[in-house]
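Visitor:
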Amino acid sequence: MDCPLIRGELVAYHFGSVDEATRDAVEAHLLGCPGCLRAFLALKREIETAGASPRPSPAARERLRQAVARDLASRASAARPLWWRRPLAFGFVTAAAAAAMLLVLSVRGQMNLMAEIAGTTPAEVRAPAPADEVN
Ligand SMILES: [Zn+2]
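For the sequence shown, the working numbering gives the first residue as 31, with consecutive numbering after it.
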């Protein structure tokens, strides 16, 4: 067999789907023809990398399976109101957020007030200067 014929058989040879006579001919040719051997190795690499990348890992497949299960479960319970449609729950969340914000603001306000009284910035209040320890 000559080079063009061999190159035409390389894909089938890679997947082992050639008959015994063709396989022997391809192997004999590859041993004696660096050009076809290079072409075969390039083809092999291309097939192997192309086959590897789109395949998801078992972990990714498991995440997908769980996401689909959650989606199906949420569709099954779609008749129930969602949390943002429940006024009571939404009111509670809003009140809690407002309370947290007020707490942060009042702590900051107190620190600023203390700083004003002491005539220093809050950073100086928290970290005394080394000179104070000597005296
Ligand atoms: Zn060749």
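The C-beta atom is built at its ideal place from N, Cα and C for all residues, glycine as well. Everything numeric in this text was worked out from a predicted model, so none of it was measured.
1. I'd like to know whether the C-beta atoms of V41 and L73 end up nearer to each other than 8 angstroms.
2. So, is E39 buried or exposed, given that buried needs 16 or more other C-beta atoms within 10 angstroms?
3. When the Cα atoms are used, what is the spatial distance from L143 to A128?
4. Does the distance between the C-beta of G65 and the nearest non-hydrogen atom of ligand 1 fall short of 7 angstroms?
5. In chain order, what residues of the same chain have a beta carbon less than 7 angstroms from the beta carbon of A59, not counting five sequence neighbours either side?
Guide: In terms of the structure at hand:
1. On the sequence shown, residue 41 is found 11 positions in, with the first residue counted as 1. On the sequence shown, residue 73 is found 43 positions in, with the first residue counted as 1. Going by C-beta atoms, V41 is nearer than 8 angstroms to L73.
2. Mapped onto the sequence shown, residue 39 falls at position 9. With 16 or more Cβ atoms within 10 Å of its Cβ, E39 is classed as buried.
3. Taking the sequence shown and counting its residues from 1, one reaches residue 143 at position 113. Taking the sequence shown and counting its residues from 1, one reaches residue 128 at position 98. Going from the Cα of L143 to the Cα of A128 covers about 22 angstroms.
4. Stepping through the sequence shown from its first residue, residue 65 is reached at position 35. G65 Cβ: within cutoff of ligand 1.
5. Residue numbering aside, residue 59 sits at position 29 when the sequence shown is read from its first letter. Looking at the sequence itself, residue 59 is His, so the reference to Ala does not match. M31, I36, C66.
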